[in-house]
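The structure appears right after this line, and notes come after that.
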Amino acid sequence: MNENTMQFDMEKNKKDLTRTILMQVNESLMEKGYNPINQLVGYLISGDPSYITNYKGARTLIRKLERDDILDEVIKAYLLIK
1 MNENTMQFDM
11 EKNKKDLTRT
21 ILMQVNESLM
31 EKGYNPINQL
41 VGYLISGDPS
51 YITNYKGART
61 LIRKLERDDI
71 LDEVIKAYLL
81 IK
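Per full-length UniProt numbering, the sequence shown runs over residues 1 to 82.
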């Protein structure tokens, strides 16, 4: 039995979820022959989920995330901010 207090990190959880979903959506787009970067940019700019394929539930997955949260995590990763 673990007697130490567990700590929940909401920011880390959100970051991990965002990364996992983006990787799954990327894989689905690639498998269907789309350019994932172009499709994701189109989605992020327009908010139109039809830029994301339904294949393997990718469209449903991407809609679980707020677009501004996706952009936040992508920019942090690009700038190497933790």
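Glycine residues also receive a C-beta, built at the ideal position from the N, C-alpha and C atoms.
The region 8-53 contains no complete beta strand (DSSP E) run of 3 or more residues. Distance between ARG19 and ARG67, taken at the CA atoms: about 13 Å. For TYR78, the enclosing alpha helix (DSSP H) has its first and last residue at 67-78.
Rounded to whole angstroms, the separation of the alpha carbons of ALA77 and LYS64 is 20 Å. If you draw a 10 Å sphere on the C-beta of ILE37, you find fewer than 16 other C-beta atoms in it, and that means exposed.
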